Amino acid sequence: MLQRRALWGLRVHQRLFLLGLFNRQVNSPSLDTQDSHAESSNRPSVPQDASRFSKFSVTNEIPRLKDWELERMRVVPTSSAFYGGNPVHDDNMYKLNAMIKKYKDLPTRVIDIHEANLVKFITLAEYIKLANSGARVKVGHHKALVGALNRLRSIQPELMPTEVSDMLKQFSSTSGDTSKELQKKVKTLDLFGRANTVGKRKTSLAAVSMVKGDGQVMVNGRSFIEYFPRDTDRLKIAFPFKVVSQEGEYNIFVKTSGGGVSGQAEATMYGIAKALVIFNPLLKSRLRSAGLMTRDPRIVERKKPGKVKARKSPTWVKR
1 MLQRRALWGL RVHQRLFLLG LFNRQVNSPS LDTQDSHAES SNRPSVPQDA SRFSKFSVTN
61 EIPRLKDWEL ERMRVVPTSS AFYGGNPVHD DNMYKLNAMI KKYKDLPTRV IDIHEANLVK
121 FITLAEYIKL ANSGARVKVG HHKALVGALN RLRSIQPELM PTEVSDMLKQ FSSTSGDTSK
181 ELQKKVKTLD LFGRANTVGK RKTSLAAVSM VKGDGQVMVN GRSFIEYFPR DTDRLKIAFP
241 FKVVSQEGEY NIFVKTSGGG VSGQAEATMY GIAKALVIFN PLLKSRLRSA GLMTRDPRIV
301 ERKKPGKVKA RKSPTWVKR
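Residue numbers 1 to 319, in UniProt numbering, belong to the letters of the sequence shown in order.
Next up, the structure:
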């Protein structure tokens with residue numbers, strides 16, 4: 001408090017001193033009277049009060065500054081929390097909370113354990129060095145910072161704004177190798193407005209290319225009904241559209257190989273679900289609830305030696 005009063009008094013003293021100086025220069029005698037006085041005394045002309053204000057002598061007339069002009073000359077802190085205990089931490093929390101409030105309506109996700117261990121934010125020691133506040137940064141301050149960063153990180157990657165990702169990079173402490181591993185390519189539509197995805201099931205592989213249309217489906221250059229004669233296989237392919245209530249709004253071109261007809265139908269189903277997410281990322285949670293965002297990992301179990309099939313033993317005969 002005493003330091004603030006001292007600074008305020010010093011500023012007032014400087015203003016009064018400058019005003020007095022300008023008034024003296026404006027009201028100083030003209031050059032003609034000084035020259036005549038110098039000629040009569042055979043000495044060089046010396047401005048009035050030059051011995052006292054020799055350092056501030058100005059040849060041209062300076063207009064008198066107004067109070068609002070002097071107010072603009074004073075030094076103003078760049079941070080609004082400059083007079084607080086932790087100005088850097090307060091500014092960081094203000095930015096993070098404002099960003100959370102701005103994007104609170106965006107869909108969130110549960111952070112994977114692998115991602116949480118791979119991407120870690122700065123430690124308390126690093127944050128103390130960054131804040132440059134010494135012992136004023138406590139453990140609670142660091143926990144509040146990490147909590148706000150985790151809230152921003154839970155936003156869906158497909159819908160995460162650029163300023164949020166930049167803010168997360170600013171406080172992340174990942175090495176070069178892990179940062180490359182984390183850079184997941186967010187798929188978008190190509191130049192022709194198509195969503196290109198790949199679906200897998202057992203040994204079947206389906207490359208799906210989907211575009212806005214009237215509901216036509218072509219599989220390996222043949223009609224959808226001709227390639228999948230069974231109704232169960234057709235219902236599998238139509239299932240993702242029923243989940244999101246968008247039947248007959250897309251044209252689908254599929255190139256599938258490997259496995260049987262049933263496996264190819266399910267591989268196409270997973271590829272269509274991925275393509276729908278590219279068109280609208282908000283559908284991801286609904287498709288995940290229907291089990292379409294995670295492929296079925298089951299495969300045919302191999303045959304073991306001494307067995308007829310994977311687990312069937314040969315018929316036992318007593319003799």
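Beta carbons: idealized from backbone N, C-alpha and C, even for Gly. Just so we're clear, the structure is a prediction, and the values are computed from it rather than from any experiment.
Residue i, buried or exposed, once every other Cβ within 10 Å from all chains shown has been counted against 16
{"i": "Leu282", "result": "exposed"}
{"i": "Ser175", "result": "Per-residue confidence for Ser175 stands at a pLDDT of 47, beneath the threshold of 50, marking its modelled position as unreliable; no derived number is given."}
{"i": "Ala290", "result": "exposed"}
{"i": "residue 320", "result": "What the structure shows of the chain is the stretch from 1 to 319, and residue 320 is not part of that stretch, so it cannot be assessed."}
{"i": "Tyr250", "result": "buried"}
{"i": "Ile111", "result": "exposed"}
{"i": "Tyr127", "result": "buried"}
{"i": "Gln264", "result": "buried"}
{"i": "Pro240", "result": "buried"}
{"i": "Asp233", "result": "buried"}
{"i": "Ser142", "result": "According to the sequence displayed, residue 142 carries His and not Ser. His142 comes out buried."}
{"i": "residue 353", "result": "Lying outside 1 to 319, the shown extent of the chain, residue 353 is not represented and no answer is given."}
{"i": "Ala148", "result": "buried"}
Residue i - DSSP class collapsed to helix/strand/coil
{"i": "Leu31", "result": "Model confidence at Leu31 stands at a pLDDT of 45, short of 50, so the residue's coordinates are unreliable; what they give is reported in the following sentence. Helix at Leu31."}
{"i": "Met167", "result": "helix"}
{"i": "Ala310", "result": "coil"}
{"i": "Phe253", "result": "strand"}
{"i": "Leu145", "result": "helix"}
{"i": "Thr123", "result": "coil"}
{"i": "Ile111", "result": "coil"}
{"i": "Asp231", "result": "helix"}
{"i": "Leu205", "result": "strand"}
{"i": "Asn86", "result": "coil"}
{"i": "Lys212", "result": "strand"}
{"i": "Ser262", "result": "helix"}
{"i": "Ile155", "result": "strand"}
{"i": "Thr78", "result": "coil"}
{"i": "Thr315", "result": "coil"}
{"i": "Ala290", "result": "coil"}
{"i": "Arg136", "result": "helix"}
{"i": "Asn280", "result": "coil"}
{"i": "Met218", "result": "strand"}
{"i": "Gly199", "result": "strand"}
Contact with chain C by residue i, beta-carbon distance below 7 Å
{"i": "Val254", "result": "Looking for chain C here will not work: only one protein chain is present."}
Selection from the options that minimises the alpha carbon distance to residue i
{"i": "Asn196", "options": "Lys101, Lys129, Lys303 and Tyr270", "result": "Tyr270"}
{"i": "Leu159", "options": "Asn280, Ala275, Asn117 and Ala310", "result": "Asn280"}
{"i": "Pro87", "options": "Ala131, Tyr227 and Asp231", "result": "Ala131"}
{"i": "Ile272", "options": "Leu118, Thr294 and Gly258", "result": "Thr294"}
{"i": "Val208", "options": "Ile122, Thr268, Tyr83 and Gly193", "result": "Thr268"}
{"i": "Gly213", "options": "Val243, Phe121, Pro229 and Gly248", "result": "Gly248"}
{"i": "Val186", "options": "Thr315, Val277, Gly260 and Arg311", "result": "Val277"}
{"i": "Pro157", "options": "Ser285, Pro314 and Lys312", "result": "Ser285"}
{"i": "Val243", "options": "Val75, Arg288, Asp233 and Val146", "result": "Arg288"}
{"i": "Tyr227", "options": "Ser245, Gly260, Gln246 and Gly215", "result": "Gly260"}
{"i": "Leu96", "options": "Asp233, Gln170 and Tyr83", "result": "Gln170"}
{"i": "Ser262", "options": "Gly215, Ala206 and Thr315", "result": "Ala206"}
{"i": "Gln216", "options": "Arg230, Phe192 and Ala238", "result": "Ala238"}
{"i": "Thr108", "options": "Pro161, Lys312 and Arg194", "result": "Pro161"}
CB contact flag (residue i, residue j, <7 Å)
{"i": "Lys309", "j": "Lys303", "result": "yes"}
{"i": "Glu266", "j": "Lys307", "result": "no"}
{"i": "Ala98", "j": "Asp91", "result": "no"}
{"i": "Ser172", "j": "Val137", "result": "no"}
{"i": "Met210", "j": "Ala275", "result": "yes"}
{"i": "Phe121", "j": "Val139", "result": "no"}
Near the ligand HEM: residue i beta-carbon under 6 Å from a heavy atom
{"i": "Asp190", "result": "Absence of the ligand HEM is noted for the structure shown, with no ligands found whatsoever."}
Q.
I want to know whether the stretch 214-230 touches the stretch 242-259 - three or more CB-CB distances under 8 Å.
A. Inter-segment contact for the stretch 214-230 and the stretch 242-259 is present: three or more beta-carbon pairs are separated by less than 8 Å.
(Q) Contact between the stretch 161-172 and the stretch 134-153 is defined here as three or more beta-carbon pairs at a separation below 8 Å; is this criterion met? (A) yes
Q: Take every Cβ of the stretch 198-207, pair it with every Cβ of the stretch 291-306, and state whether three or more of those distances are shorter than 8 Å.
A: yes
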